[in-house]
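Visitor: For the first sequence, my numbering gives the first residue as 1, with consecutive numbering after it. All residues carry an ideal CB built from backbone N, CA and C; glycine is no exception.
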Amino acid sequence: MLLVEFPYPSGDLHIGHWYTFAVSDILARYLRMKGEYEIMYPIGFDAFGLPAENAAIKHGTTPANWTETNVERMTQQLKNMHASFDWDRLVNTSHPDYYRWTQWIFLKLFEQKLAYRASTIVNWCPKDKTVLANEQVTDGCCERCDSPVEQRELEQWMFKTTAFADALADDLEDLDWTETIKSAQRNWIGRSTGALIKWPLRVPGIKDEENILETFTTRADTLFGATFLVISPELGKKWLSTGWDAPNHVRAYIEEALGKRELDRLEGGKEKTGVDSGASAVHPLTGETVPVWVADYVLGSYGTGAIMAVPAHDQRDYEFANKFNIPVTCVIDPPESLVAQLGDTLSDAQRQTQNQRESILAGKAVYEGDGNLINSEAFNGLNAKDAVKSITKALKEKGMGRSETQYKLRDWVLSRQRYWGCPIPMIKCPSCGYVPVSKDDLPVKLPALEDFKPANDGRSPLAKAGDWLKVKCPTCGEPAERETDTMDTFVDSSWYFLRYADPKNAKKFADPKHLKEWMPVPLYIGGPEHNTMHLLYARFITKALHAGGHLSFNEPFTTRRNHSVILGADGNRMSKSRGNVVDPDHEVKTYGADTVRMYLAFMGPYSDQTMPWDPNGITGVHRFLKRVRALYEKEPVSEEDPDVERALHAATKKVSADIPELKYNTAISELMKTLNLIEEHNSGLTKKQRGRFLAIVAPFAPELSEELQKGIHDESWPEYDENILKTSTVEIPVQVNGILRGHITLAPDAGEAEAVFAAKQDAGVERYLAEGEPRKVIYKPGKLLNLVV
RNA sequence: GCCCGGGUGACGAAAUGGCAACCGUAGAGGACUCAAAAUCCUCCGCUCGCAAGGGCUUGUGGGUUCGACUCCCACCCCGGGCACCA
1 MLLVEFPYPS
11 GDLHIGHWYT
21 FAVSDILARY
31 LRMKGEYEIM
41 YPIGFDAFGL
51 PAENAAIKHG
61 TTPANWTETN
71 VERMTQQLKN
81 MHASFDWDRL
91 VNTSHPDYYR
101 WTQWIFLKLF
111 EQKLAYRAST
121 IVNWCPKDKT
131 VLANEQVTDG
141 CCERCDSPVE
151 QRELEQWMFK
161 TTAFADALAD
171 DLEDLDWTET
181 IKSAQRNWIG
191 RSTGALIKWP
201 LRVPGIKDEE
211 NILETFTTRA
221 DTLFGATFLV
231 ISPELGKKWL
241 STGWDAPNHV
251 RAYIEEALGK
261 RELDRLEGGK
271 EKTGVDSGAS
281 AVHPLTGETV
291 PVWVADYVLG
301 SYGTGAIMAV
311 PAHDQRDYEF
321 ANKFNIPVTC
331 VIDPPESLVA
341 QLGDTLSDAQ
351 RQTQNQRESI
361 LAGKAVYEGD
371 GNLINSEAFN
381 GLNAKDAVKS
391 ITKALKEKGM
401 GRSETQYKLR
411 DWVLSRQRYW
421 GCPIPMIKCP
431 SCGYVPVSKD
441 DLPVKLPALE
451 DFKPANDGRS
461 PLAKAGDWLK
471 VKCPTCGEPA
481 ERETDTMDTF
491 VDSSWYFLRY
501 ADPKNAKKFA
511 DPKHLKEWMP
521 VPLYIGGPEH
531 NTMHLLYARF
541 ITKALHAGGH
551 LSFNEPFTTR
561 RNHSVILGAD
571 GNRMSKSRGN
581 VVDPDHEVKT
591 YGADTVRMYL
601 AFMGPYSDQT
611 MPWDPNGITG
621 VHRFLKRVRA
631 LYEKEPVSEE
641 DPDVERALHA
651 ATKKVSADIP
661 ELKYNTAISE
671 LMKTLNLIEE
681 HNSGLTKKQR
691 GRFLAIVAPF
701 APELSEELQK
711 GIHDESWPEY
721 DENILKTSTV
731 EIPVQVNGIL
741 RGHITLAPDA
751 GEAEAVFAAK
761 QDAGVERYLA
771 EGEPRKVIYK
781 PGKLLNLVV
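#1: Please classify residue 320 as buried or exposed, where buried requires at least 16 neighbouring CB atoms within 10 angstroms.
#2: Which term fits residue 18, buried or exposed, when burial requires 16 or more other beta carbons within 10 angstroms of its beta carbon?
#3: What whole-angstrom Cβ distance do residue 74 and residue 715 have, given they're in contact under 8 Å?
#4: Output needed for residue 169: all residues of its chain with C-beta closer than 8 Å, excluding positions within five of it in sequence on either side, in chain order.
#5: As an exercise, report each continuous beta strand (DSSP E) stretch of at least 3 residues that is fully enclosed by the stretch 594–661, in chain order.
#6: Going along the chain, which unbroken runs of the alpha helix (DSSP H) with 4 or more residues stay wholly within the stretch 677–717?
#7: Thinking C-beta only, is residue 173 closer than 7 Å to residue 198?
#8: What does the Cβ neighbour count give for residue 37, buried or exposed, with the cut at 16 atoms within 10 Å?
#9: Nearest to residue 413 by CA position, among 434, 491, 465 and 383, is which residue?
#10: Where residue 625 and residue 670 are concerned, what is the direct C-alpha to C-alpha distance, given to the nearest angstrom?
#11: Counting only the same chain and skipping the five closest in sequence on each side, list residues whose C-beta sits under 6 Å from that of residue 222.
#12: Tell me, please, whether the stretch 216–235 touches the stretch 388–402 by the rule of three or more beta-carbon pairs shorter than 8 Å.
#13: Smallest Cα separation from residue 200: which of 210, 206 and 194?
#14: If distances are taken between C-alpha atoms only, which option among 647, 560, 776 and 290 comes closest to residue 175?
#15: Taking the CB atoms as reference points, tell me whether residue 662 and residue 606 lie closer together than 7 Å.
#16: Looking at the secondary structure, which residues open and close the alpha helix (DSSP H) in which residue 63 lies?
#17: Would you be able to state if there are at least three C-beta pairs under 8 Å between the stretch 294–310 and the stretch 251–262?
#18: For the alpha helix (DSSP H) that contains residue 540, what are its first and last residues?
#19: Let's see if you can read the secondary structure: which residues bound the alpha helix (DSSP H) around residue 249?
#20: Where do the N-terminal and C-terminal ends of the alpha helix (DSSP H) with residue 276 fall, by residue?
#21: Do you know offhand how far residue 623's Cα is from residue 139's?
#22: Flag this pair as touching only if the stretch 524–538 and the stretch 113–124 have three or more C-beta atom pairs under 8 Å; answer yes or no.
#23: Using only CA atoms, which one of 202, 524, 271 and 232 lies nearest to residue 244?
#24: Among 740, 535, 732 and 466, whose alpha-carbon lies nearest the alpha-carbon of residue 758?
#25: Measure the alpha-carbon distance for residue 544 versus residue 535 and round it to whole angstroms.
#26: Classify residue 341: buried if its beta carbon has 16 or more other beta carbons within 10 angstroms, exposed otherwise.
#27: Let me make sure I understand the geometry here. Which of 751, 764 and 761 has the alpha-carbon closest to that of residue 778?
#28: Applying the 10 Å Cβ sphere with the 16-neighbour rule, what's the burial state of residue 739?
#29: Tell me, please, which residues DSSP counts as bridged to residue 293.
#30: Using a Cβ-Cβ cut-off of 7 Å (strictly less than) and excluding sequence neighbours within five positions of residue 343, which residues of its own chain qualify?
#31: Which residues share a DSSP beta bridge with residue 45?
#32: In the DSSP output, what is residue 193 paired with across the bridge?
#33: Let me check understanding here. Comparing Cα to Cα, which of 620, 638, 81 and 677 lies closest to residue 646?
#34: Kindly indicate the opening and closing residues of the beta strand (DSSP E) around residue 159.
#35: Could you pull out every residue in the same chain whose Cβ sits closer than 6 Å to the Cβ of residue 306, ignoring the five residues on either side in sequence?
#36: For residue 441, tell me which candidate among 286, 587, 431 and 482 has the shortest Cα-Cα distance.
Structure, rendered in structure tokens:
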């Protein structure tokens with residue numbers, strides 16, 4: 001199976017669609033001609049989603065109509081680009097046949113306690129009037145509309161992605177994905193190992209007994225340098241709700257900090273703010289009293305929402321301590337390598353290093369590196385790495401701490417307060433709470449609505465669907481209401497590839513027999529924008545279904561390649577506002593579909609690049625295809641030219657090797673080189689040679705090749721013969737001391753003596769050998785000769 | 001700040017330890033044409049030279065090697081991801 005990311009039916013194909021679908025079609029056609037195994041090249045539409053609603057409002061139609069029209073239009077466009085998709089496997093996420101299984105998966109995850117409802121602080125987009133997942137927020141703004149998001153405390157449906165945090169990180173190891181994607185996912189999961197440390201608290205208004213504050217740290221070795229603690233405003237609010245009698249200015253600070261949007265909190269960035277809370281804590285090992293501060297540089301959503309601050313060994317704590325005159329205690333002695341080792345011959349740089357070390361020891365500079373412990377009682381002299389273990393162990397023995405792992409990954413908030421999505425199959429009963437819809441009652445169909453606009457009250461438009469809304473509770477039979485939120489469209493797209501294996505099955509999302517046949521996906525091609533969204537979600541859903549016993553594999557995509565990104569001619573990302581968008585229809589009208597596809601493939605490597613569109617460059621490919629036609633229209637000859645024959649075998653070999661590696665650019669270069677050679681020889685091609693040449697051109701230019709030779713795509717891929725590639729003599733470079741001085745021509749398997757003799761005959765080389773015999777001879781038969789004198 | 005990727009002609013690029021710049025674009029000159037387009041031929045990394053030929057060149061500096069765009073170390077720059085994540 002060759003999988004490419006299915007499109008959102010936005011209406012028009014842009015050049016990016018061409019790049020994804022037409023260029024990967026080269027591989028599909030090659031594999032089919034090769035015929036080693038059956039190949040599936042499926043397509044579908046990611047047809048639910050918010051843009052359809054906005055467009056429908058604008059065009060005075062319904063999201064369903066708008067989407068269906070676009071699906072038809074895009075289907076025609078995809079067919080026009082000669083992409084050889086398996087249309088009978090077409091999948092559309094907005095069809096009930098499909099989304100009943102999206103709902104079924106939701107219910108399975110609910111059974112597994114991987115789908116749950118909870119109240120948390122979520123991202124709210126004020127423009128789109130819906131919550132967003134963490135992955136859909138970039139730099140504090142909505143991924144889709146770029147409005148700054150707000151933080152709201154709301155009850156939402158969530159998927160427990162964190163249940164697989166370790167698996168999602170660890171299983172990356174065995175995947176054939178590029179390092180860029182793996183690294184992006186690792187960063188996103190953000191696993192760090194450290195220690196949880198307990199601090200007995202004294203908080204005015206709250207009883208001391210059992211009042212313990214926990215902090216997470218990766219630097220337990222610096223525990224003796226913890227001169228204060230900091231809690232997040234979020235934790236401060238929680239304390240207030242449990243009776244903390246805090247001074248008014250502290251309450252005010254907490255209020256203000258919590259009122260800020262994430263974006264503004266980030267902008268405040270550099271300059272630290274905070275207040276002394278008036279509370280204090282007891283150091284778990286020294287028994288000393290340390291003050292507790294409240295500051296918004298500590299996040300409520302990570303770790304325990306509180307930290308131990310070690311200003312001597314953490315930049316942020318140092319800035320804070322410096323601003324508020326909190327003592328700084330150095331507990332890591334910077335190692336000797338930081339200090340001059342030459343005694344009285346100190347250079348300026350070394351003197352500076354010496355001073356730097358003195359500053360660190362005096363608590364006048366931050367040092368985040370390695371070293372041995374000082375000012376740490378029994379742990380003095382230990383190396384920092386060992387001290388992490390020793391101190392964690394000591395804490396554990398005292399019952400004051402333990403090892404702990406933390407993640408940046410948050411659970412996936414999947415409910416959306418929008419209309420055009422898959423309904424969440426749950427029922428809210430006043431007495432039974434949330435009850436799942438029976439699987440026999442799936443699908444819960446999305447009702448047609450007159451007014452599907454998002455509401456301002458944070459409720460989904462489905463709350464207005466009167467009859468649809470009212471149901472009986474499946475448990476007690478009393479009147480109840482359906483869940484009115486719909487699912488994030490990323491839920492729809494996180495399992496669509498499974499459906500391709502068995503797209504029409506009405507009894508299962510896919511039969512295990514077919515899943516076994518096609519899954520996991522051996523090659524998945526798509527865009528880099530999905531590194532931490534779709535790819536992470538699809539992995540989660542696969543792992544969840546695997547854990548539930550519904551799949552035999554736990555990773556969906558064995559190999560993943562991100563296709564390159566085509567930039568506008570000005571080198572910027574294409575956008576309507578920049579006016580640098582390339583219109584594929586216009587290019588097709590001028591040059592034809594084959595030229596557009598082949599030029600895209602020729603521009604550069606297919607993976608992990610950004611390349612500007614060169615409006616002139618396309619003529620090169622256009623000329624090539626015209627010459628192919630001219631060649632084919634010439635009368636075939638009866639006699640094979642041996643040089644041409646060799647070139648055809650060489651090209652077949654090169655193209656066969658390059659296509660599976662997605663190196664279309666070098667494959668096309670080889671085809672051009674071959675045609676140049678054929679024309680130079682002017683000896684013509686035999687009928688058979690012509691067919692073989694056209695066959696290796698066919699995946700790149702399906703329209704032309706079919707026109708020149710009907711049924712060419714059903715032909716089998718030409719073989720090549722290594723024996724024909726061999727030549728009786730080769731020209732190899734001769735180097736003297738590694739510098740190119742001439743060339744010699746000899747048999748590919750000629751011996752060293754013969755090669756040296758030939759080199760001496762060559763006048764260009766001879767004069768460098770005036771001194772006599774070379775001191776050393778490096779000879780790689782058929783490759784090069786290097787004489788060292 | 002941390003992590004990942006990258007830096008080669010005017011441009012897209014090729015070469016992953018063995019002739020740097022294949023293939024294509026742009027450019028220059030020429031043929032055909034009343035002219036343009038299309039097509040064809042020649043030149044085309046920089047530099048010295050009439051030429052033969054020489055010198056230099058893969059971000060910078062060092063190293064390993066007979067030989068480095070390719071491997072190692074340090075630094076600079078560009079793109080991307082994460083980001084007061086403790």
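Guide: Once the coordinates are examined:
#1: Within the first sequence, the letter at position 320 stands for residue 320. It counts as buried.
#2: In the first sequence, counting from the first residue as 1, residue 18 sits at position 18. Label assigned to residue 18: buried.
#3: By one-based count along the first sequence, residue 74 stands at place 74. By one-based count along the first sequence, residue 715 stands at place 715. No, residue 74 and residue 715 are not in contact; Cβ-Cβ is about 30 Å, not under 8 Å.
#4: Along the first sequence, read from residue 1 onward, the residue named residue 169 stands at position 169. These residues qualify, in order along the chain: 185, 186, 189 and 191.
#5: 610–612
#6: 687–697 and 702–708
#7: Position 198 of the first sequence, counted from the first residue, corresponds to residue 198. Position 173 of the first sequence, counted from the first residue, corresponds to residue 173. Result no, Cβ atoms of residue 198 and residue 173 do not sit closer than 7 Å.
#8: Here residue 37 refers to the residue found at position 37 when the first sequence is read from its first residue. When all chains shown are included, residue 37 counts as exposed.
#9: Start at 1 with the first residue of the first sequence, and residue 413 comes out as number 413. Among 434, 491, 465 and 383, the Cα nearest to that of residue 413 is on 491.
#10: As a first step, residue 625 is located in the first sequence; it is residue number 625 there, counting from the start. As a first step, residue 670 is located in the first sequence; it is residue number 670 there, counting from the start. Answer to the nearest angstrom: the Cα atoms are 14 Å apart.
#11: Numbered from its first residue, the first sequence carries residue 222 at position 222. So the list reads 310, 313 and 331, once near-sequence residues are dropped.
#12: Yes: at least three Cβ pairs fall under 8 Å.
#13: Along the first sequence, read from residue 1 onward, the residue named residue 200 stands at position 200. The candidate whose alpha carbon is nearest that of residue 200 is 210.
#14: The residue you call residue 175 lines up with position 175 of the first sequence. With distances taken between Cα atoms, residue 175 lies closest to 560.
#15: Residue mapping note: residue 662 aligns to position 662 of the first sequence, counting from 1. Residue mapping note: residue 606 aligns to position 606 of the first sequence, counting from 1. Result yes, Cβ atoms of residue 662 and residue 606 sit closer than 7 Å.
#16: In the first sequence, the residue the question calls residue 63 occupies position 63. Note, residue 63: alpha helix (DSSP H), 63–80.
#17: yes
#18: Position 540 of the first sequence, counted from the first residue, corresponds to residue 540. First-last of the alpha helix (DSSP H) with residue 540: 534–547.
#19: Against the first sequence, residue 249 aligns to sequence position 249. Per DSSP, residue 249 belongs to the alpha helix (DSSP H) from 248–259.
#20: For the purposes of this step, residue 276 is taken as residue 276 along the first sequence, with counting starting at 1. Looking at the DSSP string, residue 276 is not in any alpha helix (DSSP H); the run it does join, the beta strand (DSSP E), is 275–282.
#21: Residue 623 sits at position 623 when you count from the first residue of the first sequence. Residue 139 sits at position 139 when you count from the first residue of the first sequence. C-alpha separation (whole angstroms): 46 Å.
#22: no
#23: Residue mapping note: residue 244 aligns to position 244 of the first sequence, counting from 1. Checked all of 202, 524, 271 and 232; the closest Cα to residue 244 is 202.
#24: For the purposes of this step, residue 758 is taken as residue 758 along the first sequence, with counting starting at 1. When only C-alpha atoms are compared, the closest one is 732.
#25: Residue numbering aside, residue 544 sits at position 544 when the first sequence is read from its first letter. Residue numbering aside, residue 535 sits at position 535 when the first sequence is read from its first letter. Distance between the alpha carbons of residue 544 and residue 535 is about 14 Å.
#26: Numbered from its first residue, the first sequence carries residue 341 at position 341. The predicted position of residue 341 is uncertain, since its pLDDT is 39 and thus under 50; a value taken from the coordinates is nonetheless stated next. When all chains shown are included, residue 341 counts as exposed.
#27: Counting from one through the first sequence, the residue named residue 778 turns up at place 778. Residue 751 is the option with its Cα nearest to residue 778.
#28: Residue 739 sits at position 739 when you count from the first residue of the first sequence. With fewer than 16 other Cβ atoms within 10 Å, it is exposed.
#29: Against the first sequence, residue 293 aligns to sequence position 293. Bridge partners of residue 293: 230 and 276.
#30: Here residue 343 is taken as the residue at index 343 of the first sequence, counted from 1. Any reading at residue 343 is ruled out, since the residue's pLDDT is 38, under 50, leaving its predicted position unreliable.
#31: Locating residue 45 in the first sequence gives position 45, counting from the first residue. 92.
#32: Taking the first sequence and counting its residues from 1, one reaches residue 193 at position 193. Partner(s): 405.
#33: To locate residue 646, count along the first sequence from 1; it is residue 646. Proximity to residue 646 across 620, 638, 81 and 677 peaks at 677, based on C-alpha coordinates.
#34: Here residue 159 refers to the residue found at position 159 of the first sequence. Looking at the DSSP string, the run of the beta strand (DSSP E) that includes residue 159 is 150–159.
#35: Position 306 of the first sequence, counting from 1, holds the residue named residue 306. Answer for residue 306: 213, 215, 231 and 235, listed in chain order.
#36: Working through the first sequence from its first residue, we reach residue 441 at position 441. Distances from the alpha-carbon of residue 441 to those of 286, 587, 431 and 482 put 482 closest.
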